[in-house]
Structures are given as structure tokens and as C-alpha cells.
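K.L.:
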Amino acid sequence: MNSAAISTTCAYCGVGCGVKMQPQQEGFTASGDGAHPANLGRLCVKGSALGETLDLEGRLLHPEIDRQPVSWSQALDTVAQRLQAIIRDHGPQAVAFYGSGQLLTEDYYVANKLMKGFIGAGNMDTNSRLCMASAVVGYKRAFGADAVPCSYQDLELADCVILTGSNTAWAHPVAYQRLVQAKKARPEMRIIVIDPRQTATCDIADLHLPLRPGSDAALFCGALNAMAERGRLDSGFLSHHTEGSDETLAAVRNWPEEKTAAFCGLSLTQLQTFYQMIADSDRLVTLYSMGINQSSSGVDKCNAIINLHLATGKIGREGCGPFSITGQPNAMGGREVGGLANQLAAHMGFTADDIERVGRFWKSDNVTKSAGLNAVELFRAIENGEIKAVWIMGTNPLVSLPDADRVRAGLARCPLVIVSDVMRDTDTTRAAHICLPAQAWGEKNGTVTNSERCISRQRAFLPAPGEAKPDWWIVSQVAQRLGFDEAFAYQHPAEIFREHAMLSGFENNGSRAFDISGLAQLSDREWDELRPVQWPVNAANPQGRERLFSDGRFFHPDSKARLIAITPRLPVNQATVTYPLIMNTGRIRDQWHTMTRTGKASRLMQHISEPFCQFHPEDAPHIHAGDLVRVSSSHGWLLLRAKPDVLQPRGSVFVPMHWNSQFSQQARVDALVEAYTDPLSGQPESKHMPISLRRWHTAWQGELFIRGSHLTPPATAYWSRIAQPGVTHFALADASTPAEWLSWLNEYIPTEQWTCQSATLGDTGFNLLAWSDGELQLAFYAHRHRPELERLAIVAAFNQPPQTAQQRLALLAGRAEHGNASAGATICSCFGVGEITIADAARQGCSSVQQLGAKLKCGTNCGSCIPELKKILAEQITLNSGMS
Ligand code: SF4
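According to the working numbering, the stretch in the sequence shown is residues 181 to 1064, in order.
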């Protein structure tokens, strides 16, 4: 195929990798863009699988009102008329927009402008509230601006990198791989992982601090106190460039070593090693994400980290800085345009001067005078009827917001729910009155900004399917119908970008960190060809800027940074007799957010294919691997697969955040989470909820494979859908009797057309194959316990039906013909290498990751599986030594 590859930016995490999409005979393949500064050619397995997620299955392709297709003009007219009526009857505060870190900057800009500048209310918030709102407030308190000081390069240049509240290896794999390579090149570099769990990120750690959940702020206060006691503060920097050091240093004196160690659940030796590593490092980066931010005291935790950097002068220099890394591809872009309800636009807030300035720029006298409601408040206002119309864009709050069942119930009472999305059936579109088909990644065209302030282009390389439109176009069309024609007469996203860039520099004069006025004159072609560039981009920094604050000047009026004296607090909810364990929510390696894209890729489902809960075996000795578990909190319950793991800390249960109602019957983890928020940032405490575990007794467990896309799940108490090529695959379980499940199975089988072949195994075992014209249509396996199946062989039989009676019999038993051993769960998703295959290779003599790579190729591409390869090798060595 000769067509040139299209350079774009990954759809997923905040690393913001450059991707080359190469057209193939059919579809596209993704590879890393060697010229992109974020990844320098690397991609993780999610990015590598982008080409496998481009199909149109499940897409929303036409505007719909009450689930019926309508024309665009009908849909837009209806949206405008209903919004207008609500504004007329109840005022602008009765309307809210809820956006997403997956919107492009141009989309975000237009939505924010319409809500805050023309409708005249502050109620534009975003799912980024759930991701990094605490980091934003932490930066603003310290620096006077929401400005990330570092670049990814600083991770490589540091003497010591602290990773805290971040399973970087799984959540930001390419940033982690850069660190892996840096450590390989400079083994003297120190890596410290602070996490209650021993995660894959610990693989390269010189020191892992398994601290008590939520005690991070005390740890960093203790570290600052220790640096003061060791004479490691930068007094010159403190006196010339900061305020607040006296109060802050006085406050951290409350955190001597013994007290800090006890509070954090660490040994004195661990703590002292930590302090010594910091003291010995001239260049220090602290990388943090949701484990810090998602807390009822997340802002204080951020400032405890920043205090340490300011007081030791480890900021504004190569290899230094407090570095918040975001979960979404354009969380930073949303912050630039003012997408959070407590921002106005372009790093301006709600001072009289800012409101007047933005009003003049937008030529509107209706700019909101005050901040709006943040995400949790906004959905509470919907519930209590204050907000009567909400427009949700590109996000799935009924899965991702805390207390998600209550959010669902509240939304059901909202008089007008408008949803712009790419998928037709999500938890949130099910609650919508009007659905508007948006363009997806690969179809839309605009810019995003990653965690290191790098603006990159997301380029379209696919035609828009059906009637899907860009979000900026949809919002502009509604704005025009609301009477704001002139301000929203955009024809091309480059016009929007230029306006956004112009506003960033408007009467700025160095007072606001975000300034890309140097890009305000780009022609359409120059915008189209824009190379990645880190803001600010202005007269002083025409090529952008890698690192901020190298001149010691910050954005408070006196140009000084602020140290903030804080009082560390533990999470609000603690374990009780009824709920004796603490649930920690997070990400897994091969899925992203609520799975609407990654859930399509079969390859990404083979690593972990069902929602699970990971716990220490001694916390629930009666629950075994593979059992189903009812996980309950005071807010709801889930049904999940049990994953006991001795590496999981006692008292703590890890549950992934990804599964939605389209992928599993009862696995929306946020339904269990109470909506406690940080008082300054409004970010929910999503990682600390008291729960209980109970084994769920099943009458049978099974798996169902059906040709094609039968999205309707079976009527069983437990089901999980697993993407497979050309086949719908469910894992199932129920407490009812076999007679009942046979009756629902009949719904899937047109008995007059299909030939069935079945085998009954004792009382509760039943296997069945259904054929039509020699092709396998359905395979079903139900046993008293979870059946052992060779899933790949079963899926393959849908494409290559077995030829002999013996092969058919093997398939009926759920095996390949010769009873080949299953490869096990996929560990290396790049090359499809399974756990059992790897363990076999280890048994046969492979004793290093390199040897496994040479034999099986596993771990030789993106490297994300290397920590798991090492774990399997270690287990094998333990087994071997036990046998010898
Ligand atoms: Fe995409 Fe993040 Fe993976 Fe990079 S690290 S390829 S941005 S998911």
C-alpha cells in the first residue's frame, strides 16, 4: 500500500503519543511517530491496537429524538427550542454542559464560549473534574497558574523520580517505558514508588513505600521536615522566589520521623531510606496522578508535593519538578479553554477584570459573573430539579461519576438530556431525550494538549460515517439557532484555534501562563501541518518552552510561588464492622476509561477479560480464584470475578474502573463510591470506599459464543461480554437451575434452522454446539464450576469449522482437537503470548525476560508486559526451588 501514513495523536491517555496511521488494503495499522516528542516512536498496546477499533459497530450514525432518527435540522431546532424555553422559564442557571477530556480543544472552546459567554451561566464542567481537578488547584495555589512545570524529558534527566499515586506502568505506559530506558542507561538513577499496592510500576523501583492508603500528604510533610533538619533546603530560592515558607516549615515540624512512619504505616528504615534518596538527589521529579488527586484532601496532597520541590529548589531546572500526569488525551486542552466550571476562559477566572476582558473579546455582555457547579454538584442539581437541561458531550457520567446509580436516577428526572456521542448505546445515551452523532477519533480534526503542555494535532484519516458531525459544528449550529450567529459562524476548526490562541494572548502581557498568541496567525494550512509544540508559544517563546519557572518567576502578582501550610487528613470513610475492607479503584493495562473504544478490540480483552476484584487471600479465605464475588458498599453492589493475590495489601481490595453496563451486568464500580469531594477542587474521593466481600453461590457457570454481534446479553444474574473477532462471547453464571437457563438459551437458537449437537455431563454440565450449513453458529458450555475452555480454539472454529467427527467432539468438549494445552490469559498483547505458554518456557529453561523474548517474542515490542513476565519467572523459580 503506497498511501502515506497520517500523523495524529493517540486517543487515550494524557501521555499524548504521536501515532502514524498507515492505510492498508483493509483498514489502518498504528505505529509510533518517531518525530513526536512525547513518545519518540513508542506506543503502548492500547495505542498499537487503535487500528482495531475503527469499525462502525454500535455507532450512533444519525440524530435521534426519543430514540427515533430525525434530520439534523429537526434535531438542532429541537435542541435550541427546548434550551430556549428552559432559559426563558427558569433562567440560564437551569442549563448545564458536561464535557470531556476527549473533546478536541476546538470543540471545548466553542462549548465553553456558548455556555459561559452567551447563555451566561458558569455550568460548564467536564469529566476531567474526576481526573486532575485537585492538581489544577494545587498548581494555582502554588504558582498562581495552572501550569505544569516539567517535560517528559525531565523524567529521563532526573537523579531520582518519585512515582506516587500512579501505576504508571499500566496507566501511562509510554512515559513509564521512557523511565525504564533512562534507568537502564543510568542505573544509578533512583526510582521510588509510593503506592499501597505492589503494582507493575514497582518493577523498576529501588524503593517501594506501601504506605497506608491516603497518608501521602503526611509522607511529603515529613519529607520536607527531614530536608529542613538535614540542611537540604534552598534558602536562596526560598527567600527570593517564594512566600509562605515560615508557616509551612513550622507546620511540617509536626511530622517527625517516628510520627510520620506510624501515620503512614511504614517502618523507620523505609522512611529514612526515602528521605536519604531525596537528600542525595540534586535533580528530583515527582510524578503523580489519580492516586493523589482523587481524594477528599487531594489539593493538600498536591501542595505537600509542590512544597517539597519549592523548598529544595527542585523546580525550573532540568530533571526537576512536581509533575501531574493526566488520564485523558485532552484534559489539558480543557483546562486551557476554561472547561472546568471554576474557570472562565484561557486561564482567566471570575474577577471583574477577567469577566470584562473576556466579554470585550467575545463581544458579549452576557458573560457569566460567577463560577458554575462542578461535576458532582451539577448532577445533584439535576437530581433536585435546579438544572432542567443538561448537554453531555463525549463522556459517560452514569459509569464514571461517584454514586453512579443516584446520578442515573437523577438524570431520569431531568426534563431535557442531550447527549453528543459516537456510540448509540451507552449508559448515558439510554437516559437521553436527544442524541447527536459526533465524529470519533480518526474522523475528527483538531488539537489536543498532553500532560507536558504539548499541543498536537489529531487529524482525520477516515470519512465521517452516516451523519456524524464535529462537536464544534454541532454546538455552533445550536448557538446560531439561539441567536448568536455572528459569534459562532465558524466554518473550519482552524478559525476556532486562531480565536482561542488570540484570546490567550489578549491583554496578557505575561500575566497568564497560558499564552499561545504566537499561533494566532496560523493559516489553515499551517494549522493543519502544525508540529507538536509546548506552550507558551508567544513573542518571548516563539518555539514554545520545555520547562517553566527557570527564571524563578511565578504567576502570583508578586511573581513569587507560595508554599502552603497544610494539615494532612486521612480519607473520610474508614472501614467499619459491616464494611471491613477498603476498595481502591483504578486502571488495568489494556483498557481505557469506560471501554467504549478499547472494549471493541479483541486483542485488548485477552489480558483481563472480565471485571474482577483483587484482594489478599487472608482477607477472604473462603473465596477462591475464579469464584464470583458480591462486592457491597453502603451505596450498592457488584458481581465480580475473584482474584486473590498475596501481593495485594491486607484490608485493601482493588477493582478496575472500566466495565460499563454494555460489558457486564453489575460491574459499574462508581455505583459503590460515595460522592465525598475535596472542598477546594470538587474532585471525588474515588479510591477509598469501605466494602465487604461475599462469595456469590452459583448453580452453574458457563460461556456462550454466538456468531456475529448479538449485543443483547443473556438473562443471567452474571454476564460479561468479551470482544472476539466475528463472535459475541459471554462469560455467564446464575443461581437458577439448568432448566431455566435452557429456556433462555432457546431464544438464541432458531431450532428449525440450526442443527444442534449436545453433551450432558452429570447433573449440571451441559455443552452444546449449533450448526447451520456446516458453519458453527453457537457454542455453549455450562458446568457446576467455571468450565475450563480453550477459548481461542472455540473462536477459531467459527471461521474454520472442524472437519472430522473427532474434531467436532473435541470442540463440543471445549478443546482443540488434540487437547492442546490452553495458552492461558494473554500476557503479551502485542504478540498474543499467554501465561501458560510463558510459564512452560520458564520451566523449560528460560530464566530471563530476554530469553523469553528470544523464544516467544513476548515483551519485545511495547514492553508493558515485562513486569508480568518477571513475576511469572519469579513464580517459576520459587516452584523449582520448592521441588529441588
Ligand atoms: Fe496512547 Fe497513552 Fe499508550 Fe501513548 S501511552 S500510546 S497516549 S494510551
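Where a beta carbon is used, it is the ideal one built from N, C-alpha and C, also for glycine.
Quantities reported herein were computed from a predicted structural model and do not represent experimental measurements.
#1: Could you round the C-beta distance between S461 and R392 to whole angstroms and report it? I think they count as a contact, below 8 angstroms.
#2: Kindly give me the distance between the Cβ atoms of Q357 and G1043, rounded to whole angstroms, as I take these residues to be in contact under 8 angstroms.
#3: Output the distance between the C-alpha atoms of A977 and I472, rounded to the nearest integer angstrom.
#4: Could you check if V195 belongs to the surroundings of ligand 1, using beta carbon to heavy atom distance under 7 angstroms?
#5: Going by the CB atoms, is the gap between L464 and C500 shorter than 8 angstroms?
#6: Using a Cβ distance threshold of 8 angstroms, determine whether the segment 188 to 200 contacts the segment 209 to 227, with at least three qualifying pairs required.
#7: What does the Cβ neighbour count give for D326, buried or exposed, with the cut at 16 atoms within 10 Å?
#8: Quick one: residues in its chain with C-beta nearer than 8 angstroms to the C-beta of L581, no 5 flanking neighbours on either side, listed in chain order?
#9: Flag this pair as yes or no: are the beta carbons of G994 and Y961 separated by less than 8 angstroms?
#10: Can the beta-carbon of L958 be found less than 8 angstroms from the beta-carbon of I929?
#11: Output the residue ranges of the alpha helix (DSSP H) runs that lie fully inside the segment 629 to 696 and measure 4 residues or longer, sorted by chain position.
#12: Could you name the residues that DSSP lists as bridge partners for C615?
#13: Going by the C-beta, is L223 closer than 7 angstroms to any heavy atom of ligand 1?
#14: At a threshold of 7 angstroms, does G646 count as lining ligand 1 (C-beta to nearest heavy atom)?
#15: When DSSP labels each residue in this structure, what does T940 get in the three-state scheme?
#16: Is the beta carbon of S469 sitting closer than 8 angstroms to the one on A584?
#17: Tell me whether W924 is buried or exposed, calling it buried when 16 or more other Cβ atoms sit within 10 Å of its Cβ.
#18: Please report the distance separating the alpha-carbon of A532 from that of L819.
#19: Leaving out five residues on either side along the sequence, give the residues of the same chain with a beta carbon under 8 angstroms from the beta carbon of M181.
#20: So what's G198 in DSSP terms, helix, strand or just coil?
#21: Does the Cβ of H352 lie closer than 7 angstroms to at least one heavy atom of ligand 1?
#22: Tell me the DSSP bridge mates of R874?
#23: My guess is that L263 and V275 are in contact by the Cβ rule of under 8 angstroms, so how many angstroms apart are they, rounded?
#24: Between which two residues does the alpha helix (DSSP H) holding F541 run?
#25: Taking a contact to mean a Cβ-Cβ separation below 8 angstroms, would you say Y288 touches G519 in this structure?
#26: Within the segment 959 to 1028, note down every full beta strand (DSSP E) run reaching 3 residues or more, in order along the chain.
#27: Classify N564 as buried or exposed, calling it buried when 16 or more other Cβ atoms lie within 10 Å of its own Cβ.
#28: Please report the distance separating the alpha-carbon of G394 from that of R749.
#29: Could you give the DSSP three-state label for S504: helix, strand or coil?
#30: So what's R377 in DSSP terms, helix, strand or just coil?
#31: Under a Cβ-count criterion, where at least 16 other Cβ atoms within 10 Å of its own Cβ denotes burial, should W621 be classed as buried or exposed?
#32: Can you tell me where the alpha helix (DSSP H) holding M312 begins and where it ends?
#33: What are the boundary residues of the beta strand (DSSP E) that includes L912?
#34: Figure out for me which residue from T857, L446, A385, G685 has the closest Cα to the Cα of L399.
#35: Quick one: is Q254 buried, meaning 16 or more other Cβ sit within 10 Å of its Cβ, or exposed?
P.N.:
Reading from the atomic positions:
#1: Sequence index remark: in the sequence shown, residue 461 carries index 281 (1-based). Sequence index remark: in the sequence shown, residue 392 carries index 212 (1-based). Wrong, their Cβ atoms sit about 25 angstroms apart, outside the cutoff.
#2: Translated into the one-based positions of the sequence shown, residue 357 becomes position 177. Translated into the one-based positions of the sequence shown, residue 1043 becomes position 863. Correct: roughly 5 angstroms between the Cβ atoms.
#3: For the purposes of this step, residue 977 is identified with residue 797 of the sequence shown, where counting begins at 1. For the purposes of this step, residue 472 is identified with residue 292 of the sequence shown, where counting begins at 1. When rounded, the distance between both Cα atoms is 47 angstroms.
#4: Along the sequence shown, read from residue 1 onward, the residue named residue 195 stands at position 15. Under cutoff, so the answer is yes.
#5: One-based indexing of the sequence shown puts residue 500 at position 320. One-based indexing of the sequence shown puts residue 464 at position 284. The answer is yes: Cβ separation under 8 angstroms.
#6: yes
#7: One-based indexing of the sequence shown puts residue 326 at position 146. Label assigned to D326: buried.
#8: Here residue 581 refers to the residue found at position 401 of the sequence shown. Excluding residues within five positions, the ones whose Cβ falls inside 8 angstroms are L310, A555, V556, F559, V587, D850, A855, P864.
#9: Position 814 of the sequence shown, counted from the start, is the residue given in the question as residue 994. Position 781 of the sequence shown, counted from the start, is the residue given in the question as residue 961. Yes. Within cutoff.
#10: Working through the sequence shown from its first residue, we reach residue 958 at position 778. Working through the sequence shown from its first residue, we reach residue 929 at position 749. Taking 8 angstroms as the Cβ cut-off, L958 and I929 qualify as a contacting pair.
#11: 651 to 661, 673 to 685
#12: Locating residue 615 in the sequence shown gives position 435, counting from the first residue. Its beta-bridge partners are E244, V599.
#13: Along the sequence shown, read from residue 1 onward, the residue named residue 223 stands at position 43. Yes; taking the cut-off as 7 angstroms, the Cβ of L223 has a heavy atom of ligand 1 nearer than that.
#14: Residue mapping note: residue 646 aligns to position 466 of the sequence shown, counting from 1. Answer for G646: no, Cβ out of range of ligand 1.
#15: Sequence index remark: in the sequence shown, residue 940 carries index 760 (1-based). T940: strand per DSSP, three-state reduction.
#16: If you number the sequence shown from 1, residue 469 lands on position 289. If you number the sequence shown from 1, residue 584 lands on position 404. Cβ atoms of S469 and A584: not closer than 8 angstroms.
#17: Here residue 924 is taken as the residue at index 744 of the sequence shown, counted from 1. Per the 10 Å Cβ criterion, exposed.
#18: As a working mapping, residue 532 is identified with position 352 in the sequence shown. As a working mapping, residue 819 is identified with position 639 in the sequence shown. The straight-line gap from Cα to Cα measures roughly 51 angstroms.
#19: Taking the first residue of the sequence shown as 1, we reach residue 181 at position 1. Unreliable positioning characterises M181 in this predicted model, as indicated by a pLDDT of 48, which lies under 50. The coordinate reading is nonetheless provided below. Contacts found: Q202, P203, Q204, Q205.
#20: Here the question's residue 198 lines up with position 18 in the sequence shown. Strand at G198.
#21: For the purposes of this step, residue 352 is identified with residue 172 of the sequence shown, where counting begins at 1. Because some heavy atom of ligand 1 lies under 7 angstroms away, the Cβ of H352 counts as near it: yes.
#22: The sequence position of residue 874 within the sequence shown is 694, counting from 1. According to DSSP, which records beta bridges pairwise, R874 is partnered with R810.
#23: Counting from one through the sequence shown, the residue named residue 263 turns up at place 83. Counting from one through the sequence shown, the residue named residue 275 turns up at place 95. Contact holds; Cβ gap of about 6 angstroms.
#24: Here residue 541 corresponds to residue number 361 of the sequence shown, with the count starting at 1. Counting along the chain, the alpha helix (DSSP H) containing F541 begins and ends at 532 to 542.
#25: Here residue 288 refers to the residue found at position 108 when the sequence shown is read from its first residue. Here residue 519 refers to the residue found at position 339 when the sequence shown is read from its first residue. Contact: yes.
#26: 1006 to 1008
#27: Taking the first residue of the sequence shown as position 1, residue 564 is located at position 384. Label assigned to N564: exposed.
#28: Sequence index remark: in the sequence shown, residue 394 carries index 214 (1-based). Sequence index remark: in the sequence shown, residue 749 carries index 569 (1-based). In a straight line, the C-alpha of G394 is about 8 angstroms away from that of R749.
#29: Walking along the sequence shown from the start, residue 504 turns up at place 324. If DSSP states are grouped into helix, strand and coil, S504 belongs with the strands.
#30: Numbered from 1 along the sequence shown, position 197 holds the residue referred to as residue 377. The answer is coil: DSSP assigns R377 none of H, G, I, E or B.
#31: Stepping through the sequence shown from its first residue, residue 621 is reached at position 441. Per the 10 Å Cβ criterion, buried.
#32: In the sequence shown, residue 312 corresponds to position 132, counting from 1. Residues 309 to 323.
#33: Counted from its first residue, the sequence shown places residue 912 at position 732. 907 to 914 is the span of the beta strand (DSSP E), which, as asked, contains L912.
#34: Translated into positions along the sequence shown, residue 399 becomes position 219. When only C-alpha atoms are compared, the closest one is L446.
#35: Stepping through the sequence shown from its first residue, residue 254 is reached at position 74. Answer is exposed; the Cβ neighbour count stays below 16.
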